[in-house]
Amino acid sequence: MNKVDNEVQTAQQTTDEELITRFQQGDVYAFDLLVKRYKDPLLNFVYRFIGDHIEAEDIVQETFLRLFKNKHYYKEIAKFSTWIYTIAGNLAKTELRRRRRRQFFSISHFMTQDKDYDIPDDTKSPEQAANSMITDSIIQKAIQKLSPKFKEVIVLRDIQELSYEEIAEIVGIPLGTVKSRVNRARLKLQEDLKDLVKVE
Amino acid sequence: MISCDNAAKLLSDYLDKTLDSDMYNQVREHLKNCKACSKVFANVSYLNSRLKSAQKLKTSADFDQKLRARIQSGQTEKRPIISMRGLSAGLSGAAVCAALTFFIVSDFSNTAGEPEQLQPAAGAASSQPVQTPSNIQQASAAPVTKEQQLAEKDSLKKETIPVDQNKIKLAGQEK
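Right, dumping it as structure tokens:
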């Protein structure tokens, strides 16, 4: 194995906590690796939460900017992923609150504004082909309709596939509440889409 | 057999297979006999798998470049903030000095004498002394010196009204 491959493998094996510690000690390359690891997952999380691709990317940029400026605030009492998802989640919630205030004062409040990013649907299985009415963008619209507390947990659990324990830490609620909210969010989503789903 | 409400509450645990065997079997038995709950469970299971397999977005090609630029501009912004503080402190001090200077200068240049007299429009900028009843005669006779102007302002040094001492009655004199 050559030197470059070795470095790549080493980088892949290094944990997030090791990378943040190295970054705190001044290793900026460690920061670059953390950006590479988390930029896409965070984009997916934030996009699913706020429904706007461009703004989601801006929020992810802001998340990393805060990480860069405030690296010394991270202490190894929680997982790094919990920390960075918390920052991104808080920024996304702030954006949602700002939008709600803008909508309240906006004349166009009564007009529908479709800002959804059209995710290409490349489903191929027969079951999914039979459910051709259910596209990713329709599911995204249904997620957008959920209240923020349900939206957050269902995205973290069913899209980001985080554990209930981690979600409890990120959102700052008890484990039992997380499970209950995930359950209610799933039932609500099913309720909104039941007429479009054809499952035999 | 468990109710539909209880089955709904256990839905996530059933799908995640985290129920104990007894409870799991009770839910399964309910689903066999309840078409409505069976449909709900099937729909949730389907949507769950769709969410897991949903297209994952990727950041734009220039994401890293933009981030670097934001970090750079964030670092350079520190200097203006410090100099803004200094600037505002300097401006505040300058404003205070300017106000003090204004009051001192306006005090010196104020030749109106009596407060109720109005300054002529060009009085502040004018080099001519202000014509007041008390100094009109002086002005016509001889140029007014600065000391005389200052003396005019001092009400104690102005011409006093002559008083007839005989008319002043002190306490006890009337008798």
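Taken in sequence, the protein lines are chains Y and Z. Letter by letter, the first sequence follows residues 4 to 203 in this note's numbering. Letter by letter, the second sequence follows residues -7 to 167 in this note's numbering. All residues carry an ideal CB built from backbone N, CA and C; glycine is no exception. If you're wondering where the values come from, they're calculated on a predicted model, not measured in any experiment.
With respect to the 7 angstroms criterion, Y:I23 and Y:F71 are not classified as neighbours on the basis of their beta carbons.
Minimum Cα-Cα distance from Y:D19 among the listed residues Y:L36, Y:D43, Y:K42 and Y:S183 corresponds to Y:L36. Taking all protein chains in view, the Cβ of Z:T51 is crowded by 16 or more other Cβ atoms within 10 Å, so the residue is classified as buried.
Against Y:Q193, the close residues of chain Z are V32, N35, V36 and L39, in the order they occur along the chain (beta-carbon pairs closer than 8 angstroms).
In the structure shown, the three-state DSSP call for Y:E98 is helix. Within the same chain, A33 come within 6 angstroms of Y:R25 by CB-CB distance, once the 5 residues on both sides are set aside. Against chain Y, the beta carbon of Z:D56 has neighbours under 9 angstroms at D35, V38, K39 and K42, listed in chain order. Of all residues in the region 75 to 108 of chain Y, none is placed with a Cβ closer than 8 angstroms to any Cβ belonging to chain Z. Pairing Z:A61 with Z:C29 gives a Cβ-Cβ distance that is not under 7 angstroms.
Per DSSP, the unbroken alpha helix (DSSP H) holding Y:D19 starts and ends at D19 to Q27. Contact of Z:G66 with chain Y by beta-carbon distance below 9 angstroms involves L68, F71 and K72. By the 16-neighbour rule on beta-carbons within 10 angstroms, Y:T66 is buried. Check the Cα spacing between Y:L199 and each of Z:M15, Z:I63 and Z:K31: the tightest is with Z:K31.
Annotation for Y:D195: A145 and K148 place their beta carbon closer than 8 angstroms to its own, counting only its chain and skipping 5 residues before and after.
When Z:K24, Z:R20 and Z:A53 are compared, the shortest CA-CA separation from Y:K39 is found for Z:A53. In chain order, K42, D43, L46, E60 and V63 make up the part of chain Y whose C-beta sits under 8 angstroms from the C-beta of Z:T51. Contact with chain Y is found for Z:A46, since one of that chain's Cβ atoms lies less than 7 angstroms from the residue's Cβ. Chain order gives no chain Z residues near Y:R25, where near means a beta carbon separation below 8 angstroms; the closest approach is about 17 angstroms. Nearest CB-CB separation between Z:L3 and chain Y: below the 7 angstroms threshold. Comparing alpha carbon positions, the residue from Y:P151, Y:E168 and Y:E21 closest to Y:T97 is Y:P151. DSSP places Y:L190 in the helix class (H, G or I) of the three-state scheme. Rounded to whole angstroms, Y:A81 and Y:E169 show a C-alpha spacing of 9 angstroms. The residue from Y:I90, Y:E79 and Y:S183 with its alpha-carbon nearest to that of Y:R69 is Y:I90. Not one beta carbon of chain Z lies nearer than 7 angstroms to the beta carbon of Y:I57. When C-beta atoms of the region 8 to 22 of chain Z are compared with those of the region 34 to 45 of chain Z, fewer than three pairs fall below 8 angstroms, so the two segments do not count as touching.
By the CB criterion at 7 angstroms, Y:K74 and Y:Q28 fall outside the cutoff. With a contact defined as Cβ atoms closer than 8 angstroms, Y:D139 and Z:N40 miss out at about 14 angstroms. In the three-state scheme derived from DSSP, where H, G and I count as helix and E and B as strand, Z:C89 is classed as helix.
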